[in-house]
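For my numbering, add 703 to where a residue sits in the sequence shown, where the first one is 1.
For glycine and all other residues, C-beta sits at the position ideal for the given N, C-alpha and C.
Working notes, beginning with the structure itself.
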Amino acid sequence: MSDLLWWEYLFIALIFVWSGFVRTGLGFGGAVLALPFLLLIVDDPLIFLPIIAVHLLIFSGAITLGNHFKAKRIGTSGLKENVDWPYLKRTLKVMIIPKLIGVFGLLTLPNEVMSGLIFVIVIVYSIGYILNKPFKSNSAWIDNLFLMLGGYVSGTSLIAAPLVMAVYASHVAKEQLRDTLFVLWFILVVIKMGSFFVVGVDLQLIHHLWLLPCAFIGHLLGQKLHRYLVKTDSARFFKIIGTVLIITSTVGIARTFG
């Protein structure tokens, strides 16, 4: 990124503010709602993915641990209360093998096909949320199918969050949803960063010096959004989630097939 113009650096900074805002406010979408815009400036995802991954590790870890210690101070059970551990453990067992397959690139399904399939599924989920009739599967294998798909795609890219979120929102209480997702993302991103390190991907450490403060500004703004979402009624909460998912999917489809 050393040969960019000043206004391109400015837009990158603003996009990372937006990324931090969405990630902290909703618990997902920091990558998928930022990466398409970043690629319009520099069309190389491997420049931005390590930066986004490190930001996710820092802020998801800080928020989850902060909530844990805050809960302990007021006499509650901390992470036991903030995170739906049984559901997290059950879904990790479903996702981990497809995740590793995606990381090592053992399947060759074209990215355009995979991305288009994910975004179509997410739009179907989102319409149900907006109409206050969220999709409910009659059997666990349907959810497991989507989680396996999400695990594989999270291994190959960072666009699986809307699909995983759509499943999690149907099974995890909204008070626990963000922290549960953050623990999940932390685990999946550690695996992703390990693969970056092994294959020698440039982690862009120099650019963390100026982009981390940008993400922190977005993080502070996102905290306010999250407090509002937790207090709002469930129907409005799901409508907001559904709207964001549709916007995310539309941007993704435009980027993939445009």
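Residue i, buried or exposed, once every other Cβ within 10 Å from all chains shown has been counted against 16
{"i": "Pro-865", "result": "buried"}
{"i": "Lys-792", "result": "exposed"}
{"i": "Asp-787", "result": "buried"}
{"i": "Asp-882", "result": "buried"}
{"i": "Leu-729", "result": "buried"}
{"i": "Ile-800", "result": "exposed"}
{"i": "Lys-895", "result": "buried"}
{"i": "Trp-710", "result": "exposed"}
{"i": "Ile-754", "result": "buried"}
{"i": "Phe-822", "result": "buried"}
{"i": "Phe-751", "result": "buried"}
{"i": "Ile-909", "result": "exposed"}
Contact belief for residue i with residue j at Cβ below 8 Å, rounded distance in angstroms
{"i": "Phe-960", "j": "Lys-877", "result": "That belief does not hold up - the Cβ atoms of Phe-960 and Lys-877 are roughly 33 Å apart, past 8 Å."}
{"i": "Val-735", "j": "Thr-951", "result": "5 Å"}
{"i": "Gly-853", "j": "Ile-804", "result": "The pair is not a contact, with the Cβ atoms about 13 Å apart (cut-off 8 Å)."}
{"i": "Met-868", "j": "Phe-731", "result": "5 Å"}
{"i": "Val-875", "j": "Tyr-790", "result": "6 Å"}
{"i": "Val-745", "j": "Gly-925", "result": "About 24 Å separates the two Cβ atoms, so there is no contact after all."}
Run of the alpha helix (DSSP H) containing residue i, from where it starts to where it stops
{"i": "Val-806", "result": "788-807"}
{"i": "His-929", "result": "908-934"}
{"i": "Phe-714", "result": "709-729"}
{"i": "Leu-852", "result": "843-859"}
{"i": "Leu-743", "result": "738-744"}
{"i": "Ala-869", "result": "864-871"}
{"i": "Leu-834", "result": "Counting along the chain, Leu-834 falls outside any alpha helix (DSSP H), and DSSP gives it neither H nor E."}
{"i": "Ser-898", "result": "877-902"}
C-beta contact flag for residue i and residue j at 7 Å
{"i": "His-758", "j": "Ala-918", "result": "yes"}
{"i": "Gly-945", "j": "Tyr-832", "result": "yes"}
{"i": "Val-827", "j": "Asp-846", "result": "no"}
{"i": "Gly-723", "j": "His-911", "result": "no"}
{"i": "Val-904", "j": "Leu-760", "result": "no"}
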